[in-house]
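Q:
Numbering (our numbering), first residue to last: 1 to 730.
#1: Does the segment 105 to 114 come into contact with the segment 175 to 191, if we say contact requires no fewer than three beta-carbon pairs (one atom in each stretch) closer than 8 Å?
#2: Based on DSSP bridge pairs, tell me the residues matched to residue 231.
#3: Grab the span of the alpha helix (DSSP H) containing residue 368 for me, first residue to last.
#4: Tell me which same chain residues have a C-beta within less than 6 Å of the C-beta of residue 384, skipping the five on either side of it?
#5: Residue 599 and residue 584 - do their beta-carbons sit closer together than 7 Å?
#6: Which one or two residues does DSSP pair with residue 453 in a beta bridge?
#7: Which residue marks the beginning of the alpha helix (DSSP H) containing residue 72, and which one marks its end?
#8: Using the beta-carbon count (16 or more within 10 Å), is residue 135 buried or exposed?
#9: Would a C-beta distance cut-off of 7 Å place residue 207 and residue 260 closer than the cut-off?
#10: Should residue 510 be labelled buried (16 or more other beta-carbon atoms within 10 Å of its own) or exposed?
#11: Should residue 800 go down as buried or exposed, given a rule of 16 or more other Cβ atoms within 10 Å for buried?
#12: Distance, Cα to Cα, residue 524 vs residue 518?
#13: With distances taken Cα to Cα, identify the nearest neighbour of residue 472 among 254, 438 and 109.
#14: Under 7 Å between the Cβ atoms of residue 431 and residue 361?
#15: Between which two residues does the beta strand (DSSP E) containing residue 220 stretch?
#16: In terms of residues, what are the limits of the alpha helix (DSSP H) holding residue 266?
#17: Between residue 66 and residue 140, which are expected to be in contact by the criterion C-beta below 8 Å, what is the C-beta distance as a whole number of angstroms?
#18: From residue 190 to residue 87, what distance separates their C-alpha atoms?
#19: By a C-beta neighbour count over all protein chains shown, 10 Å radius and 16 as the cutoff for buried, is residue 453 buried or exposed?
#20: Is the distance from the Cβ of residue 591 to the Cβ of residue 36 below 7 Å?
#21: Closest by CA to residue 717, which one among 526, 653, 180 and 250?
#22: How is residue 302 classed by DSSP in three states: helix, strand or coil?
#23: List the endpoints of the continuous beta strand (DSSP E) containing residue 764.
#24: Are there three or more Cβ pairs, one per stretch, closer than 8 Å when the segment 211 to 225 is compared with the segment 246 to 256?
#25: Pull up the distance between the alpha-carbon of residue 419 and that of residue 356, whole angstroms please.
#26: In its own chain, which residues sit with a C-beta less than 7 Å from the C-beta of residue 679, not counting the 5 before and 5 after it?
#27: Taking the alpha carbon of residue 142 as the reference point, which residue from 92, 100, 192 and 68 has its own alpha carbon closest?
#28: If you compare alpha carbons, which of 84, 318, 39 and 40 is closest to residue 628?
#29: Measure the C-alpha to C-alpha separation of residue 635 and residue 526 and round it to an integer number of angstroms.
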């Protein structure tokens, strides 16, 4: 299939180089400070797939510039999100997801769409945005964060936010940079990025850019930093003559290469991450061991071409291939003991792979009197082996969560699924005087869901005067159920396809406002919102039939079902109810002489209507903080050779948090104080340091089921080489 696809794609790409169409420079000059009063005039392309000022875009947009990235010391996307209003990032949430984000009360990475230059890199089978330390942003020109659903442009799962990392802004750039650093916890990082071009005339220019990034560490030893919390694990390990010191892993790599002409581009992206599987998410159930890890990888190839036959028409075509794989060797170490061995066993030999192709055709029409229309069609195909067992040459074929122990029950067997999506949309933009009105609708039919999904967007942008503007946006979107939470029935290893006709989709309706005031020294943004999150799906499982004969005395335990007996295992989902989420974000950016600063305060809360009365923890946000505060300030001195940026974040303890065992003090009032500093030694060299959690504060945040310890102080120092003034490539 790959050969059949890429031959015509390469032909189309090379053919497009000969087309002659000029596009304006999209972004501000690289690395320059943008005046505060111009932050609302930054050009963005993510909201409507058309170039527009961020203040006029039909959504609330926050733009992180290259100057922000440089002066705040951001390395990965996770660093950026921790400083944004309305976001809550929980590190070490669960090894299978890495860090989890919550955006305005929506908990889960599947609600966020992540793109690099318009290329989506979410995991195809579940839609989860990958978020460990494996998405470097050091070569980004700007990062566009769109709050609220972007479903009308991007379809399913673009619910709580859309992120687009822009790495290239024009075609006459010659640049080479390298970073290298080392720090506590054996932290090592290295990054190389480059940009160059070929040709002298605009229509002949071919631009090439790339980035290679790696970050490794052995995070702090929780047996030492949180000894009270670790004591139960230590006692369990000592009882079975196991090592008492945990081994933790955090290895991350990513790279992307982009070649582009004035209207065509080919982008390649690869990431791989390996992390300890035993974070302690379940008290007393996951044990740390060097053999217990989670590892996955992603590869994405994206080809797109734009043709502009006139000033009023533009055609854009794109095709994308996305591949995701879970390492076959990963497993967890569990205290589910073998009856005869008397020691913990490795279990959950999970594996899954998914790949697919998305084809899109878009047409943009630019009329007179500030009128424009964009319409498009899309088709996606996904082939998925959802997270399940793996074939082991010694153990044979294992089911998901089925170990060599004879006492494990059978969950979802390995099932290969083919899924198809057909979508189409149209949206119109019209500006009259000081008012801009936007209206559109997207329709999607996804084979996992019974009904056609409707995703409208209505927006009004009103420019009050040169300093003030106001937006009101109403949107609707939907979330695709994870492949492991389908409405399916299994009978042991056999899949019965007679119950997948009533698959449901989680739906989200959002009303948000955005009110902005700017002057030469200050930008103030206020963004209230209300969301209705309906058809909340919860996985259910039940087992009927026989158990082993020696367990008929009534004392049947959870591991007593025979894996291959004639007793069907039913795996299904159901509509739990709906959630009503409301809140507000305040965001401030300011400049005073050589000082740049930012601050934000976010409040979110929810009320959940429980249809089944089966879930006890439904009041307020689901284990999330109601209050989040961010503060930061950057000082540039000595002719901008010195940069110092201290920052702090603070979040309140969730009201509905379960009191964690032996973390009573640490789970209250999580906060961090961080510091970045750099100094330019000469024309090409700089030194820098990053200190995370400078006060060595011990705190815990939400894990997959309970609270988990987070890393304490980390100190790293490094060197940056910037050779943009040296002609390396030409």
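Yeah, the Cβ is synthetic: ideal placement off N, Cα and C, and Gly gets one too.
A: Let's see:
#1: Too few Cβ pairs lie closer than 8 Å, so no.
#2: The residue labelled residue 231 in the question sits at position 231 within the chain shown. Looking at the DSSP assignment, residue 231 forms no beta bridge with any residue, so it has no partner.
#3: The sequence position of residue 368 within the chain shown is 368, counting from 1. Per DSSP, residue 368 belongs to no alpha helix (DSSP H) and is neither H nor E.
#4: Stepping through the chain shown from its first residue, residue 384 is reached at position 384. Taken in chain order, the residues that qualify are 125, 354, 417 and 483.
#5: Counted from its first residue, the chain shown places residue 584 at position 584. Counted from its first residue, the chain shown places residue 599 at position 599. Not in contact: residue 584 and residue 599 (Cβ atoms no closer than 7 Å).
#6: Stepping through the chain shown from its first residue, residue 453 is reached at position 453. Paired residue(s): 444.
#7: As a first step, residue 72 is located in the chain shown; it is residue number 72 there, counting from the start. Start and end: 66 to 72.
#8: The count along the chain shown starts at 1 and reaches residue 135 at position 135. When all chains shown are included, residue 135 counts as buried.
#9: Your numbering for residue 207 matches position 207 in the chain shown. Your numbering for residue 260 matches position 260 in the chain shown. For residue 207 and residue 260, yes; Cβs fall inside 7 Å.
#10: Residue numbering aside, residue 510 sits at position 510 when the chain shown is read from its first letter. Buried, because 16 or more other Cβ atoms sit within 10 Å of the Cβ of residue 510.
#11: Nothing can be reported for residue 800, as the shown portion of the chain is limited to 1 through 730.
#12: Indexing the chain shown from 1 puts residue 524 at position 524. Indexing the chain shown from 1 puts residue 518 at position 518. Roughly 6 Å separates the two Cα atoms.
#13: Mapped onto the chain shown, residue 472 falls at position 472. The option with the nearest alpha carbon to residue 472 is 438.
#14: Counting from 1 along the chain shown, the entry for residue 431 is found at position 431. Counting from 1 along the chain shown, the entry for residue 361 is found at position 361. In this structure, residue 431 sits away from residue 361, with a CB-CB distance that is not shorter than 7 Å.
#15: One-based indexing of the chain shown puts residue 220 at position 220. Unbroken run through residue 220: none, as it is neither H nor E.
#16: Mapped onto the chain shown, residue 266 falls at position 266. Residue 266 -> not in any alpha helix (DSSP H); beta strand (DSSP E) instead, spanning 264 to 276.
#17: For the purposes of this step, residue 66 is taken as the residue at position 66 of the chain shown. For the purposes of this step, residue 140 is taken as the residue at position 140 of the chain shown. At roughly 7 Å, the Cβ-Cβ gap stays under 8 Å, so residue 66 and residue 140 are in contact.
#18: The residue labelled residue 190 in the question sits at position 190 within the chain shown. The residue labelled residue 87 in the question sits at position 87 within the chain shown. When rounded, the distance between both Cα atoms is 27 Å.
#19: Within the chain shown, residue 453 is the residue found at index 453, counting from 1. It counts as buried.
#20: Position 591 of the chain shown holds residue 591. Position 36 of the chain shown holds residue 36. Yes; because the gap between Cβ atoms is below 7 Å, this pair is in contact.
#21: Here residue 717 corresponds to residue number 717 of the chain shown, with the count starting at 1. When only C-alpha atoms are compared, the closest one is 180.
#22: Here residue 302 refers to the residue found at position 302 of the chain shown. Of the three classes helix, strand and coil, the one that applies to residue 302 here is strand, per DSSP.
#23: This structure cannot speak to residue 764, because the chain is shown only from 1 to 730.
#24: Contact holds: three or more Cβ-Cβ distances are below 8 Å.
#25: Counting from one through the chain shown, the residue named residue 419 turns up at place 419. Counting from one through the chain shown, the residue named residue 356 turns up at place 356. Their backbone Cα atoms lie some 9 Å apart in a straight line.
#26: The count along the chain shown starts at 1 and reaches residue 679 at position 679. So the list reads 641, 642, 686 and 687, once near-sequence residues are dropped.
#27: Taking the chain shown and counting its residues from 1, one reaches residue 142 at position 142. Of 92, 100, 192 and 68, the residue nearest in Cα terms is 68.
#28: In the chain shown, counting from the first residue as 1, residue 628 sits at position 628. Checking every option, the nearest Cα to that of residue 628 belongs to 84.
#29: Counting from one through the chain shown, the residue named residue 635 turns up at place 635. Counting from one through the chain shown, the residue named residue 526 turns up at place 526. Distance between the alpha carbons of residue 635 and residue 526 is about 26 Å.
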